[in-house]
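Trainee: Just so you know, the working numbering puts the end of the sequence shown at 358, numbered straight through with nothing missing. Idealized CB from N, CA, C, for every residue including glycine. Computed from a predicted model, the values in this text were never measured in an experiment.
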Amino acid sequence: MEKTTRDWTPAEILMILFPNGFKGRDMLKYTFLDLIVKGVLQYQKEVKDGKTSRNVYGGPRLFSYEARQHEAVLLIPFKKQQPRIPLKLYVRTITQSVGGYYSYSQRYVKPSPWLVPYFKPGFWNILNIHSLNDKGKALQQRFKIELDAAGGDLKRLVMRTNYLSSNAHFQHLGTNILLLEEWDAVMRRKDLEEVGEELIKQATDISLELAELSDLIADTFSDAWTDISDAFSSGADGGSGGDGGGCSSDGGSGCGSSGCGGGGCGGGCGS
């Protein structure tokens, strides 16, 4: 059965788009955010006595969700019964536990059984130089076209036009809508709050029995997006071999004219 785009995780899509790009930071960030959208993790911003705390919790689907290797490593603290972890401590701890951003991309994302069929085997893999095979190049092109089309739709949506006709593209992406360049604007603009909530609900595969969970995620995700994006931008240590500059040698030239996501795919080179 052919995999649809919504079946892939954001980290896996980034690996196909940029097989030799330095995208470990983005892969880790988007995996974290994706797990929140799916109800596997939860984020809460709480104000008490004038002080703001930002904490990460295990979500309702923590034990029922079938996590892939690059997702499972983010769940370990909570499966060990850690009730909550302050956001910045969590980002720092997870980043260190995977050996830094580059190590995360190579040790946790690249070996995914979903990705293996799309890469050429060979000596250069030992040196972490990866080449897409013909099947992989076709998938890369498909992702670029789909993200470009959805990015154009989201840009028009941000401009308050073409909302209804845009929904099909977004549903096709599932939670990978997070990779789109304009998504950052949707999350940070108060006037787009209801639009963002509706798109989050459409993106998830949460069953009707968990409709209240879907509402909760949609209501709180703008805070999660802003605070988590800022936490990764401002500072968790990437560890040795952290992300640097570099370009894919397999034509990873971006996700179409719309780019890919607030610190995501950009223009083809690792940021």
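Report the start-end ranges of each alpha helix (DSSP H) in the region 171 to 222 that is 4 residues or longer and not cut off at the edges.
Mentor: Counting only runs of 4 or more, we get 174 to 184.
Trainee: Quick check: the Cα distance between K125 and R148, rounded to an integer number of angstroms?
Mentor: 8 Å
Trainee: Using a threshold of 8 Å, state whether the C-beta atoms of R286 and Y117 are closer than that.
Mentor: Before going on, a small fix: residue 286 reads as Leu here, not Arg. Not closer than 8 Å, so no.
Trainee: Pick helix, strand or coil for T139, following the three-state DSSP scheme.
Mentor: Correct three-state label for T139: strand.
Trainee: I need the boundaries of the alpha helix (DSSP H) containing M114, first residue and last residue.
Mentor: For M114, the enclosing alpha helix (DSSP H) starts and ends at 111 to 124.
Trainee: As a quick exercise: from W312, D94, F105, K90, pick the residue whose alpha carbon is nearest that of K231.
Mentor: F105
Trainee: For G283 versus M274, is the C-beta distance shorter than 8 Å?
Mentor: Yes, they are a contact pair.
Trainee: I'd like to know whether the C-beta atoms of A318 and V196 end up nearer to each other than 8 Å.
Mentor: Contact: no.
Trainee: Any idea if L176 is buried or exposed, counting beta-carbon neighbours within 10 angstroms, 16 or more meaning buried?
Mentor: exposed
Trainee: Which residue comes first and which comes last in the alpha helix (DSSP H) that contains I360?
Mentor: Lying before the first or after the last residue shown, residue 360 is absent from the chain, which here runs from 88 to 358.
Trainee: Where does K90 land, buried or exposed, given buried means 16+ other C-beta within 10 angstroms?
Mentor: exposed
Trainee: What residues match up with Y144 in a beta bridge as DSSP calls it?
Mentor: Q129, R171
Trainee: Do you know how far the Cα of D121 is from the Cα of T96?
Mentor: 8 Å
Trainee: According to DSSP, which residues form a beta bridge with V134?
Mentor: In the DSSP output, where bridge partners are listed per residue, V134 has T139.
Trainee: Kindly examine the ligand FMN and report whether one of its heavy atoms sits closer than 7 Å to the Cβ of L226.
Mentor: For the ligand FMN, the structure offers nothing, since it holds no ligand at all.
Trainee: Across the region 130 to 142 and the region 306 to 318, are there enough close Cβ pairs to call them in contact, namely three or more that are closer than 8 Å?
Mentor: yes
Trainee: CA-CA distance, Q129 and I304?
Mentor: 8 Å
Trainee: Using only the alpha-carbon positions, how far apart do P198 and L161 sit?
Mentor: 16 Å
Trainee: Is the beta carbon of L267 closer than 8 Å to that of A237?
Mentor: yes
Trainee: Mapping DSSP to helix, strand and coil, what is M246?
Mentor: coil
Trainee: Quick one: is Q227 buried, meaning 16 or more other Cβ sit within 10 Å of its Cβ, or exposed?
Mentor: buried
Trainee: Alpha carbons only, please: which of E133, L241, F165 is nearest the one belonging to D314?
Mentor: Taking D314 as reference, the option from E133, L241, F165 with the minimal CA-CA separation is E133.
Trainee: Taking the alpha carbon of W312 as the point to measure from, which residue in W201, K110, A272, D221 has its own alpha carbon closest?
Mentor: Selected option, being the one with the closest Cα: A272.
Trainee: Hey, could you find the ends of the alpha helix (DSSP H) W386 is sitting in?
Mentor: The question about residue 386 has no answer here: the residues shown for the chain are numbered 88 through 358.
Trainee: Suppose contacts are defined by Cβ-Cβ distances below 8 Å. Is E269 in contact with L241 by that definition?
Mentor: Yes, the Cβ-Cβ distance between E269 and L241 is below 8 Å.
Trainee: Just the C-alpha distance for R171 and F165, rounded to the nearest angstrom, thanks.
Mentor: 8 Å
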